[in-house]
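Peer 1: One structure follows; several queries about it will come next.
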Amino acid sequence: MQLEIVTPDRRVVVGKADDVVIPASQGEIDVLPGHAPYLGQLGTGVLRFTTEGKDVELMVSGGFVEVDHDRIVLMCESAALKGEIVAETERKSLHELEQKLAALGAAGEGDADYQGLRVEVDRAAARLMLVR
Amino acid sequence: MASLRDIRKRIKSVKNTQKITKAMKMVSAAKLRRATERVMAARPFADKIADTAAALARRAELLGEAPHPLLAHRPESEQGGTLEILAITSDRGLCGAFNSNVIRRSLRTRFDAKDVHKQVRVSTVGRKAAEAMKREAVPSRKTYEGVWDGLSYHKAQAIAFELSELFIAGEIDAVTIVYNEFVNAGTQRVVVDQILPIVAAKSDEQDTVDFKYEPDRAVLLDALLPRQLATRIYRALLESAAAEHAARMQAMENASKNAKEMVGSLTLYYNRARQAAITKELMEIIGGAEALKG
Chain V
1 MQLEIVTPDR
11 RVVVGKADDV
21 VIPASQGEID
31 VLPGHAPYLG
41 QLGTGVLRFT
51 TEGKDVELMV
61 SGGFVEVDHD
71 RIVLMCESAA
81 LKGEIVAETE
91 RKSLHELEQK
101 LAALGAAGEG
111 DADYQGLRVE
121 VDRAAARLML
131 VR
Chain D
133 MASLRDIRKR
143 IKSVKNTQKI
153 TKAMKMVSAA
163 KLRRATERVM
173 AARPFADKIA
183 DTAAALARRA
193 ELLGEAPHPL
203 LAHRPESEQG
213 GTLEILAITS
223 DRGLCGAFNS
233 NVIRRSLRTR
243 FDAKDVHKQV
253 RVSTVGRKAA
263 EAMKREAVPS
273 RKTYEGVWDG
283 LSYHKAQAIA
293 FELSELFIAG
303 EIDAVTIVYN
313 EFVNAGTQRV
323 VVDQILPIVA
333 AKSDEQDTVD
343 FKYEPDRAVL
353 LDALLPRQLA
363 TRIYRALLES
373 AAAEHAARMQ
383 AMENASKNAK
393 EMVGSLTLYY
403 NRARQAAITK
413 ELMEIIGGAE
423 ALKG
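So the protein lines, in turn, are chains V and D. Heads up, the first sequence is in my numbering, so the first residue is 1 and it goes up one at a time. Heads up, the second sequence is in my numbering, so the first residue is 133 and it goes up one at a time.
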């Protein structure tokens, strides 16, 4: 199968892959060759696939996944390969984000800043989980 | 006539200016390279989102469903509604006509649109546009600030979501962006583009392959279209950033050239003045010697 993972800033992965496990918004989906055409939303979590016998893991979050004729395309808002993530920096940024979130407090729960920060926290946590 | 010391001082000061403009040119050249790479890198995502959205919109059309509100061509979008102009400039100057081109074009678009639309509003990205609108006493709906410090897709998406909401609520009926497009290192072109309502890309989706949609088609299109808009705005911002660096590079190149010419003519003037002083001294000595002889 052809796998392509793009974000607004770069093409993260392009190449052959078999057995792709995708964190869709409604739960993980496992895509094998001959999968039915599918279009869904992405959640936040770890995507795993094997290519030439190697396992690859990356954090993906937000966006869409399309499976069509053994072609998988992920359009994600954020993605990071396992090798790109540095645990220490991630821990620090997660800590900072959580503090910012706490500073906004329960009062700001409804507004866009709060929601955005919430998403950032989830993403940082997912990245951290991948390297731990 | 200026004294020799004054001229020397002047030459030194121009040379210093030249050093600064040269350095700024180098910095802009490096930034320009990175900015153009970003423009290229943003393309695959934007194309994919647009394709997917177009295919979904086409499918809805084939099934005879009402078009999505962001696509809907309500008559007010063309005429008699509220138009919003989003003017994109930089925060900083020293880049030639880069900003004034966009500002002039925005003001003209606003002027022309008044004949067609009931109301025309302006929003700005970048300090230069905000200052200009204030100067021209054009009220802005919103001045988006801090977009250029750490420009990210996220910031474009925030603008896109806000515009989408206003559009769906019927507060605005059309949005036009005005920005500088990067053509090449020597050319920037002002682009005026309508971004709302969204015109779905042509999709040749004919086959009836039934996709499994999760959660469902309507929700997906709801999520896709504002993101498609976000990629349009992000593209405009990236183009503008690249064009800005190109414009500044050119402006600094010109300034360096002017400084060089100035140093040349000042040096000539300096040498002439020095020669005149020497000649005068010689004349005085000769004059003195002649007088003694007599």
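Glycine included, each C-beta is placed from N, C-alpha and C at the ideal position.
Any C-beta of chain V sitting closer than 8 Å to the C-beta of Pro429/D?
Peer 2: Given that chain D is displayed from residue 133 to residue 426, the structure contains no residue 429/D and the question cannot be resolved.
Peer 1: What's the C-alpha gap between Asn316/D and Arg165/D?
Peer 2: One-based indexing of the second sequence puts residue 316/D at position 184. One-based indexing of the second sequence puts residue 165/D at position 33. Those two C-alpha atoms are separated by around 11 Å.
Peer 1: Measuring only the C-alpha atoms, how far is Arg349/D from Ser232/D?
Peer 2: Looking up residue 349/D in the second sequence gives position 217. Looking up residue 232/D in the second sequence gives position 100. Answer to the nearest angstrom: the Cα atoms are 44 Å apart.
Peer 1: How would you call Met129/V, buried or exposed, if buried means at least 16 neighbouring beta carbons within 10 angstroms?
Peer 2: For this step, residue 129/V is matched to residue 129 along the first sequence. Looking at its Cβ environment, which holds fewer than 16 other Cβ atoms inside 10 Å, Met129/V is exposed.
Peer 1: Spatial neighbours of Cys227/D within its chain, please: C-beta separation below 7 Å, excluding the five flanking residues on both sides.
Peer 2: Within the second sequence, numbered from 1, the residue matching residue 227/D stands at position 95. Cβ within range, chain order: Glu376, Ala379, Arg380 and Ala383.
Peer 1: Given a limit of 7 Å on CB to CB distance, which residues of the region 1 to 33 of chain V reach chain D?
Peer 2: Going along the region 1 to 33 of chain V in chain order, one finds Val6, Thr7, Pro8, Asp9, Arg10, Arg11, Ala24 and Gln26 with a Cβ nearer than 7 Å to chain D.
Peer 1: Does any residue of chain V have a CB that is nearer than 8 Å to the CB of Thr399/D?
Peer 2: Taking the first residue of the second sequence as 1, we reach residue 399/D at position 267. Taking Cβ atoms only, chain V never reaches closer than 8 Å to Thr399/D, which makes this a no.
Peer 1: What does DSSP give as the partner residue(s) for Met156/D in the beta ladder?
Peer 2: As a first step, residue 156/D must be located in the second sequence, where it is residue number 24. DSSP, once it has assigned bridges, lists no residue as partnering Met156/D.
Peer 1: Taking contact to mean at least 3 C-beta pairs separated by less than 8 Å, is the region 364 to 376 of chain D in contact with the region 308 to 327 of chain D?
Peer 2: Cβ pair count under 8 Å is three or more, so yes.
Peer 1: For the putative contact between Cys76/V and Val60/V, defined by C-beta atoms under 8 Å, what is the C-beta separation to the nearest angstrom?
Peer 2: Stepping through the first sequence from its first residue, residue 76/V is reached at position 76. Stepping through the first sequence from its first residue, residue 60/V is reached at position 60. Cys76/V to Val60/V, Cβ: 5 Å. Contact.
Peer 1: How big is the Cα-Cα spacing for Val331/D and Ser145/D?
Peer 2: For the purposes of this step, residue 331/D is taken as residue 199 along the second sequence, with counting starting at 1. For the purposes of this step, residue 145/D is taken as residue 13 along the second sequence, with counting starting at 1. For Val331/D and Ser145/D, the distance between alpha carbons rounds to 55 Å.
Peer 1: Kindly indicate which three-state DSSP category Lys250/D falls into: helix, strand or coil?
Peer 2: Within the second sequence, residue 250/D is the residue found at index 118, counting from 1. Coil, per DSSP.
Peer 1: In terms of residues, what are the limits of the beta strand (DSSP E) holding Ser272/D?
Peer 2: Here residue 272/D corresponds to residue number 140 of the second sequence, with the count starting at 1. Run containing Ser272/D: Ser272 to Tyr276, per the beta strand (DSSP E) assignment.
Peer 1: In whole angstroms, give me the CA-to-CA distance for Val65/V and Gly105/V.
Peer 2: Stepping through the first sequence from its first residue, residue 65/V is reached at position 65. Stepping through the first sequence from its first residue, residue 105/V is reached at position 105. For Val65/V and Gly105/V, the distance between alpha carbons rounds to 34 Å.
Peer 1: Ends of the beta strand (DSSP E) at Thr50/V?
Peer 2: By one-based count along the first sequence, residue 50/V stands at place 50. Segment Thr44 to Thr51, the beta strand (DSSP E) holding Thr50/V.
Peer 1: Can you list, in chain order, the residues of its chain whose CB lies under 6 Å from that of Leu333/D, leaving out five sequence neighbours each side?
Peer 2: The residue you call residue 333/D lines up with position 201 of the second sequence. The sequence given here has Ala at residue 333/D, not Leu. Closer than 6 Å at the Cβ level, and outside the excluded window around Ala333/D, lie Ala182 and Ala186.
Peer 1: In chain order, what residues of the same chain lie with their CB nearer than 6 Å to the CB of Asp305/D, ignoring the 5 residues before and after it?
Peer 2: Here the question's residue 305/D lines up with position 173 in the second sequence. Answer for Asp305/D: Glu208, Ser209, Gly213 and Thr214, listed in chain order.
Peer 1: Evaluate the contact criterion for the region 94 to 104 of chain V versus the region 153 to 163 of chain D: three or more CB pairs, one atom per stretch, below 8 Å.
Peer 2: No, they do not touch.
Peer 1: Given a threshold of 16 other Cβ atoms within 10 Å of its Cβ, counted over all protein chains shown, does Lys425/D qualify as buried or as exposed?
Peer 2: The residue given as residue 425/D occupies position 293 in the second sequence. The residue is exposed, with fewer than 16 neighbouring Cβ atoms inside 10 Å.
Peer 1: Strictly below 8 Å CB to CB, what residues from chain V border Ala173/D?
Peer 2: The count along the second sequence starts at 1 and reaches residue 173/D at position 41. Neighbours of Ala173/D on chain V, chain order: Asp9, Arg10 and Arg11.
Peer 1: If you run the structure through DSSP and keep just helix, strand and coil, what is Arg10/V?
Peer 2: Here the question's residue 10/V lines up with position 10 in the first sequence. Correct three-state label for Arg10/V: strand.
Peer 1: Measure the Cβ-Cβ separation of Pro23/V and Gly40/V and say whether it is below 8 Å.
Peer 2: Along the first sequence, read from residue 1 onward, the residue named residue 23/V stands at position 23. Along the first sequence, read from residue 1 onward, the residue named residue 40/V stands at position 40. For Pro23/V and Gly40/V, no; Cβs fall outside 8 Å.
Peer 1: By Cβ distance, which residues of its chain are closer than 8 Å to Leu202/D, with the 5 residues on each side in sequence left out?
Peer 2: If you number the second sequence from 1, residue 202/D lands on position 70. Here the set comprises Ser296, Phe299, Ile300, Leu328, Pro329, Ile330, Leu357, Pro358 and Leu361.
Peer 1: By DSSP, does Gln211/D sit in helix, in strand, or in coil?
Peer 2: Position 79 of the second sequence holds residue 211/D. In this structure, Gln211/D counts as coil in the three-state DSSP scheme.
Peer 1: Enumerate in chain order the residues of its own chain whose CB-to-CB distance from Ala229/D is below 8 Å, with the five nearest sequence positions on each side excluded.
Peer 2: Indexing the second sequence from 1 puts residue 229/D at position 97. Contacts found: Ala379.
Peer 1: State the start and end residues of the unbroken alpha helix (DSSP H) segment that holds Leu328/D.
Peer 2: One-based indexing of the second sequence puts residue 328/D at position 196. Taken as a continuous stretch (DSSP letters only), Leu328/D belongs to no alpha helix (DSSP H), being part of the beta strand (DSSP E) at Thr319 to Leu328.
Peer 1: Runs of 4 residues minimum, wholly inside the region 381 to 419 of chain D: which ones carry the alpha helix (DSSP H) assignment?
Peer 2: Taking only runs of at least 4 residues, no alpha helix (DSSP H) segment lies wholly in the region 381 to 419 of chain D.
Peer 1: Go to Arg70/V, then tell me how far its beta strand (DSSP E) extends in each direction, as first and last residue.
Peer 2: For this step, residue 70/V is matched to residue 70 along the first sequence. Just to set this straight, residue 70/V is Asp in the shown sequence, not Arg. Careful: Asp70/V lies outside any beta strand (DSSP E) and carries neither H nor E.
Peer 1: Which bits of chain V does Ala355/D rub up against, with CB to CB less than 7 Å?
Peer 2: Counted from its first residue, the second sequence places residue 355/D at position 223. The contacting residues are Gln41.
Peer 1: Buried or exposed for Ser255/D, please, with buried defined as at least 16 other CB atoms from any protein chain shown within 10 angstroms of its CB.
Peer 2: Along the second sequence, read from residue 1 onward, the residue named residue 255/D stands at position 123. Flag for Ser255/D reads buried.
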